[in-house]
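Enquirer:
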Amino acid sequence: MASLHPFPQRKCFRVRFTVTLGPRKKQKSRYPRSLSVGRSLYNRASQLEEATRDGIARDGEIRAWIEEGLLEETEAACAFVGWHDTVTRQPGELIATNVDALLAAYEQYALSSSKAKDARRKSHANHMSVARQVCRWLTERDLQSLTNDDCRQYQDEMATRFARWTVFHRMTKLRLLLDQAVKLGMLHDNPARGLRLRQPKRETERRILTIEEVKDLLDLSLESRRRGGLLPTAVRLAVR
2 MASLHPFPQR
12 KCFRVRFTVT
22 LGPRKKQKSR
32 YPRSLSVGRS
42 LYNRASQLEE
52 ATRDGIARDG
62 EIRAWIEEGL
72 LEETEAACAF
82 VGWHDTVTRQ
92 PGELIATNVD
102 ALLAAYEQYA
112 LSSSKAKDAR
122 RKSHANHMSV
132 ARQVCRWLTE
142 RDLQSLTNDD
152 CRQYQDEMAT
162 RFARWTVFHR
172 MTKLRLLLDQ
182 AVKLGMLHDN
192 PARGLRLRQP
202 KRETERRILT
212 IEEVKDLLDL
222 SLESRRRGGL
232 LPTAVRLAVR
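This is how it looks when you write it as structure tokens:
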């Protein structure tokens, strides 16, 4: 994971990040002079890390990373298989949308990315169930004209009907499915990659005890005190 820290030896900051190049990983460092530049560089390095880990990025993004010196062309060829073929493909050469082929390609990706690589596992079945739900939305649209705004609208519509984690999982699957569409030649770029997905926080529900619950605890406290128990302390802490 990318990191940003002060680097006193050079009186600057250091951004460290790791790029995934096929089966191997390579750690890199950059040394911005100011914190503001460092934060901007950290954000771009984090995006590069995620893209090389998934093996998918837009042509413009890849070229920008190369021009900035964050990635070499030979590294880009290793990290993004078929990149040169993709960037030379013309609009008329896009193949027809095939959602079944898209789903099959995603399943192969999911299996190859998992540690168990077992299609019989419940976790794999859950991944495929979410992918099929997203594919039903894709079948109602022209994939080649799909835009970033379409993806954002899909996200907003789901937010009015589903829990935050459900929306997050479906949007993540949309990204991965469209990544496969790019690989298969159904799309030039993945419009969902332009959306920033924030993982929902897991919150522990807290509440104030009801009057009845307080009375029950106090009764138990008095009974426990008679027997020399520790419950009174627990009750006082709970009431606080």
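Numbering-wise (this note's numbering), the sequence shown opens with residue 2 and increments by one. Beta carbons: idealized from backbone N, C-alpha and C, even for Gly. This structure is a prediction, so every number in the text was calculated from the model and none was measured.
1. If contacts are defined as beta-carbon pairs under 8 Å, then R31 and V16 qualify, I think. What distance do you get, rounded to the angstrom?
2. Can you tell me the Cα-Cα spacing of K26 and S114, whole angstroms?
3. Alpha carbons only, please: which of I209, A97, L210 and F163 is nearest the one belonging to A182?
4. How should F81 be labelled, buried or exposed, when 16 other C-beta atoms within 10 angstroms of its C-beta is the threshold for buried?
5. According to DSSP, is T167 part of a helix, a strand, or is it coil?
6. Which value, in whole angstroms, describes the spacing of the CA atoms of E141 and Q134?
7. Within the present structure, is the beta-carbon of K12 separated from the nearest heavy atom of the ligand GDP by less than 7 Å?
8. Do L196 and N149 have their beta-carbon atoms positioned less than 8 Å apart in this structure?
9. For V16, report the span of its beta strand (DSSP E) as first-last.
10. Would you say K123 lies against chain B (beta-carbon separation less than 8 Å)?
11. With contact counted as at least three CB pairs below 8 Å, one residue from each stretch, are the segment 184-202 and the segment 151-162 in contact?
12. For A102, I'd like the list of residues in its chain whose CB is within less than 7 Å of its CB, leaving aside the five on either flank, ordered along the chain.
13. Among the candidates A193, T211 and H189, whose CA atom is the shortest distance from the CA of E94?
14. Which one of A164, E73, F14 and D143 has the shortest CA to CA distance from R40?
15. Can you look up P7 in the DSSP assignment and give me helix, strand or coil?
16. Taking the alpha-carbon positions, what's the H170 to A3 distance?
Expert: According to the structure data:
1. With a Cβ gap of about 5 Å, R31 and V16 count as contacting.
2. Taking the straight line from one Cα to the other gives about 15 Å.
3. Among I209, A97, L210 and F163, the Cα nearest to that of A182 is on A97.
4. By the Cβ-count criterion, F81 is buried, with 16 or more other Cβ atoms from all chains shown falling within 10 Å of its own Cβ.
5. Correct three-state label for T167: helix.
6. Q134 has its alpha-carbon roughly 12 Å from the corresponding atom of E141.
7. You won't find the ligand GDP in this model; it holds no ligand whatsoever.
8. Yes.
9. Annotation for V16: the continuous beta strand (DSSP E) segment containing it runs C13 to L22.
10. Structure shown: chain B not included; a single protein chain is present.
11. With a cut-off of 8 Å, the segment 151-162 and the segment 184-202 count as touching, because enough Cβ pairs lie within range.
12. The beta carbon of A102 sits closer than 7 Å to the beta carbons of L185 from its chain, once the five residues preceding and following it are set aside; these are given in chain order.
13. With distances taken between Cα atoms, E94 lies closest to H189.
14. If you compare the alpha carbons of A164, E73, F14 and D143 with that of R40, the shortest gap goes to F14.
15. The three-state secondary structure of P7, taken from DSSP, is strand.
16. A direct Cα-to-Cα measurement between H170 and A3 gives close to 23 Å.
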